[in-house]
Amino acid sequence: MFIDYVTLMLINLAAGLVLLAAYVYFGLGTSNQRRWIPGFGVVGAIALVTGLHMTFTWPIPGSFNIAFGETTALFGVLFAGTSLTLAMGWELISLGIYGFFAGLVSLLIGLRFINLGLTPIAVPAGIGFILVGLGGVFAALTLYLKENRFLRIIGAIVLIVAALIFGFIGLASYWVHLANFSAWQPMPK
């Protein structure tokens, strides 16, 4: 049996997307940026560790390591970078530019996830990846036009819908994994 912590990655992603939506709607451009540092840091740390581990070791079968591992590593470095950027009082625009390319990857993976039918819930999962990708693609524009309330509202809604999709998939996965892995035993030494 393989090691599977995609559940943790999915719930961390959902939490991060809700945090990002709240930041886009409530926090972007406000004077107190420090309140957002711990949340971005925690989400970034979990995503970076799990994403890099999955990318380097391929602990689960097939291309799920690419779809979940690499996108989680990109998500993690963006969130950790956001936490550091807010702590240092730097501008976020360079992370928005990086987010554009991470968003392209997420868009592509979402489309391919649906195209290949990688899971029984390939369409909702693919839509989740696509919505996260749209968030990344429009990150730099949103940061540049941070006074545009309409753009921020649309961005927050897209992120919340993606969070709901990945939150549902993550919770459903916990339900299934607890049953499927209930009899698993580590190999004797």
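First residue of the sequence shown? That's 26 in the numbering used here, and the numbers climb one at a time after it. Cβ coordinates follow ideal geometry from the N, Cα and C atoms, glycine included. Since the model is a prediction, treat every value here as computed from it, not as a measurement.
Cβ neighbours of Leu176 within its own chain (closer than 7 angstroms, five residues either side excluded): Thr167 and Leu170. One thing to note: Gly158 has its Cβ within 8 angstroms of the Cβ of Leu129.
Under the DSSP assignment, Ile179 falls in the alpha helix (DSSP H) whose first and last residues are Arg174 to Asn205. In terms of Cβ geometry, Ala127 and Leu156 do not form a close pair [threshold 8 angstroms]. Cα atoms of Ala165 and Leu120: separation of roughly 8 angstroms, rounded to the nearest angstrom.
Closest by C-alpha distance to Gly180, out of Gly161, Leu196, Gly192 and Leu189, is Gly161.
Of the residues assessed, Leu117 falls on the buried side of the cut-off, its CB having 16 or more other CB atoms within 10 angstroms.
For Met212, the three-state secondary structure derived from DSSP is coil. Put simply, the backbone Cα of Gly94 is about 32 angstroms away from that of Gly54. Here the alpha carbon of Phe138 sits roughly 31 angstroms from the alpha carbon of Pro211. Under the criterion of beta carbons closer than 8 angstroms, Ile28 and Pro84 qualify as touching, at roughly 4 angstroms. Comparing alpha carbon positions, the residue from Ile62, Ala47, Val201 and Leu44 closest to Gly114 is Ile62.
In its chain, beyond the 5 residues on either side, Phe191, Ile194, Gly195 and Ser198 have a beta carbon closer than 7 angstroms to the beta carbon of Leu35.
Going by DSSP, Val43 is part of the alpha helix (DSSP H) stretching over Val31 to Ala47.
Counting along the chain, the unbroken alpha helix (DSSP H) around Gly135 starts and ends at Ile118 to Leu141.
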